[in-house]
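Chemist: First, the structure itself, so that you have it in front of you.
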Ligand SMILES: Cc1cc2nc3c(=O)[nH]c(=O)nc-3n(C[C@H](O)[C@H](O)[C@H](O)COP(=O)(O)O)c2cc1C
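In my numbering, the protein residues as written are 159 to 562.
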């Protein structure tokens with residue numbers, strides 16, 4: 159009898175150990191558990207990527223649900239978010255043969271910065287939800303990939319940590335204006351002193367979108383956002399809605415002029431979805447336009463970002479460069495966005511997924527995947543380089559009489 163009890167007890171201990179290993183060691187990571195119980199990955203490895211949808215499912219398995227839903231989620235019905243990806247299917251790329259293209263070149267430049275592929279990191283809050291290295295890890299990955307890191311005001315790493323991790327690689331600082339002028343000036347000065355190469359002024363979030371996943375999860379940031387001015391109050395334990403509410407809640411052309419007056423760095427206006435707003439931003443002094451619907455996280459019921467790109471590019475008419483984001487997941491998406499008028503594209507969520515699964519090396523894997531995928535598309539579509547893509551005409555779906 160004693161023997162049976164001993165065996166059962168031993169079995170129980172083994173099961174407990176297995177449960178603990180599975181609970182805190184999902185995906186082969188040695189995770190960090192913060193004092194409030196939030197678990198963040200410490201993975202440090204290359205990630206095999208079949209496509210970004212698959213990457214997302216694997217990231218979901220290792221990011222705690224509240225954090226994952228905050229990252230993945232869109233506003234309200236999430237229809238605009240879903241359309242962001244689907245909209246690329248409205249147009250097709252003609253396969254071109256007999257072009258002689260071999261080993262196409264993905265290098266390009268934006269605002270005087272050379273990059274190895276026309277894809278950069280979009281500014282996104284709280285990379286610390288995905289990995290203990292947070293934006294510093296993403297910055298190291300971006301630098302190793304030969305591209306630009308954009309850092310949000312709502313980053314988990316400090317601007318100094320990100321700059322240090324980038325080791326001199328190009329970085330842009332994304333500013334959410336505070337109600338406090340001194341805080342705005344200090345942040346811009348700090349970014350300049352640390353060597354950031356441009357200021358991204360995001361103007362599409364005077365208020366947070368209606369994020370139902372976050373409401374249901376009662377999601378609050380489990381880690382501080384150290385770049386937010388102290389006067390705006392504590393950030394750890396706040397939801398994104400409260401953080402947006404504490405920042406500036408209205409934007410006008412004057413805000414672009416104001417930021418221009420504070421810095422000699424190029425100012426990029428992010429969140430443009432209407433040709434008139436592109437015009438206004440340029441007249442107010444924008445050095446570049448960032449066409450984005452914030453990954454479908456702000457106004458649900460808005461068009462996909464790709465759907466408005468063509469008309470905005472037409473209005474901008476090459477006066478300033480255009481950066482495009484929202485829904486980029488494949489080489490064909492990059493190709494189509496450039497053919498439609500973008501100079502470079504940016505990715506938000508895919509970087510965070512790569513970071514979760516592999517740390518900075520996972521971020522490199524994401525850029526390697528997109529570069530190889532874009533290169534294949536260029537090869538099959540007869541484009542030698544990025545300038546070639548700009549001259550390629552896409553084909554509208556169903557424009558023949560045989561389509562419905
Ligand atoms: C988790 C998350 C946080 C974000 N935080 C910011 C932010 O702080 N500032 C900003 O300008 N945009 C922010 N964005 C929007 C991104 O810059 C970008 O527009 C969007 O992610 C692009 O869509 P994609 O994720 O489909 O690539 C955020 C996006 C995500 C997914």
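Cβ coordinates follow ideal geometry from the N, Cα and C atoms, glycine included.
Computed from a predicted structure; not experimentally measured.
For residue 195, is the classification buried or exposed, using 16 other Cβ atoms within 10 angstroms of its Cβ as the cut-off for buried?
Modeler: exposed
Chemist: Return helix, strand or coil for residue 429, following the three-state DSSP convention.
Modeler: strand
Chemist: Does the separation of the CB atoms of residue 418 and residue 332 fall below 8 Å?
Modeler: no
Chemist: How many whole angstroms separate the CB atoms of residue 495 and residue 482, which I take to be in contact at a CB cut-off of 8 Å?
Modeler: Their Cβ separation, rounded to whole angstroms, is 5 Å, which keeps residue 495 and residue 482 in contact under 8 Å.
Chemist: With residue 483 as the anchor, note down where its beta strand (DSSP E) starts and where it stops.
Modeler: 480-483
Chemist: Would you tell me roughly how many angstroms separate the C-alpha atoms of residue 184 and residue 220, rounded to the nearest one?
Modeler: Note that residue 184 has pLDDT 48, beneath the 50 cutoff, so the model's placement of it is unreliable and no number is given.
Chemist: With 16 other CB atoms within 10 Å as the buried threshold, where does residue 182 fall?
Modeler: For residue 182, the predicted structure reports a pLDDT of 49, less than 50, and the residue's modelled location is therefore unreliable. A value from the coordinates is still provided. So residue 182 ends up on the exposed side.
Chemist: Considering only their Cβ atoms, is the gap separating residue 250 from residue 507 smaller than 8 Å?
Modeler: no
Chemist: For the segment 350-366 against the segment 409-424, do three or more pairs of beta-carbon atoms, one drawn from each stretch, fall closer than 8 Å, so that the two count as touching?
Modeler: yes
Chemist: Contact check, residue 328 vs residue 306 under 8 Å by CB: the rounded distance?
Modeler: 5 Å
Chemist: Could I get the ranges of all uninterrupted beta strand (DSSP E) runs contained in the segment 243-306, with 3 residues as the minimum, in chain order?
Modeler: 266-268, 271-273, 277-279
Chemist: Expressed to the nearest angstrom, what Euclidean distance is found between the alpha-carbon atoms of residue 356 and residue 265?
Modeler: 20 Å
Chemist: Look at residue 291 and residue 517 and say whether their C-beta atoms are less than 8 Å apart.
Modeler: yes
Chemist: Residue range of the alpha helix (DSSP H) that residue 217 falls in?
Modeler: 210-218
Chemist: For residue 205, which residues does DSSP report across the bridge?
Modeler: For residue 205, which the question treats as bridged, DSSP gives no partner whatsoever.
Chemist: I'd like the span of the alpha helix (DSSP H) that includes residue 528, first residue to last.
Modeler: 518-539
Chemist: By the 10 Å Cβ neighbour count, where 16 or more other Cβ atoms means buried, how is residue 377 classified, buried or exposed?
Modeler: buried
Chemist: What does the Cβ neighbour count give for residue 186, buried or exposed, with the cut at 16 atoms within 10 Å?
Modeler: The predicted position of residue 186 is uncertain, since its pLDDT is 48 and thus under 50; no value can be drawn from it.
Chemist: Where residue 411 and residue 440 are concerned, what is the direct C-alpha to C-alpha distance, given to the nearest angstrom?
Modeler: Going by C-alpha positions, residue 411 is about 9 Å away from residue 440.
Chemist: Is the CB-CB distance between residue 430 and residue 414 below 8 Å?
Modeler: No, the pair does not count as a contact, with Cβ atoms beyond the cut-off.
Chemist: Measuring alpha carbon to alpha carbon, tell me which of 206, 540, 189, 524 ends up nearest residue 198.
Modeler: Shortest Cα-Cα distance from residue 198 to any of 206, 540, 189, 524 involves 189.
Chemist: For the alpha helix (DSSP H) containing residue 226, list its first residue and its last residue.
Modeler: 223-230
Chemist: Quick check: the Cα distance between residue 336 and residue 363, rounded to an integer number of angstroms?
Modeler: 12 Å
Chemist: By DSSP, does residue 554 sit in helix, in strand, or in coil?
Modeler: strand
Chemist: On a CA-only basis, which of 301, 389, 324 is nearest residue 340? Give me that one, please.
Modeler: 389
Chemist: Using a Cβ-Cβ cut-off of 7 Å (strictly less than) and excluding sequence neighbours within five positions of residue 531, which residues of its own chain qualify?
Modeler: 488, 489.
Chemist: Which of helix, strand or coil does DSSP assign to residue 365?
Modeler: coil
Chemist: Tell me whether residue 573 counts as near ligand 1, meaning its Cβ is closer than 7 Å to at least one heavy atom of that ligand.
Modeler: Residue numbering for the chain in the displayed model covers 159 to 562; residue 573 lies beyond these limits and cannot be assessed.
Chemist: Taking only heavy atoms of ligand 1 into account, decide whether any of them is closer than 7 Å to the Cβ of residue 360.
Modeler: yes
Chemist: What residues in its chain sit with their C-beta under 8 Å from that of residue 553, if we drop five residues either side in the sequence?
Modeler: 249, 250, 251, 252
Chemist: For the putative contact between residue 523 and residue 229, defined by C-beta atoms under 8 Å, what is the C-beta separation to the nearest angstrom?
Modeler: About 18 Å separates the two Cβ atoms, so there is no contact after all.
Chemist: For residue 343, collect the residues of the same chain with a Cβ closer than 8 Å to its Cβ; drop the 5 residues on either side in sequence, then sort them by chain order.
Modeler: These residues qualify, in order along the chain: 420.
Chemist: Residues bridged to residue 331 by DSSP?
Modeler: 309, 357
Chemist: Just to check, is the beta-carbon of residue 281 closer than 7 Å to a non-hydrogen atom of ligand 1?
Modeler: yes
Chemist: Give me the Cα-Cα distance between residue 460 and residue 484, rounded to the nearest whole angstrom.
Modeler: 12 Å
Chemist: Return the bridge partner residues of residue 449 from the DSSP annotation.
Modeler: 430, 482
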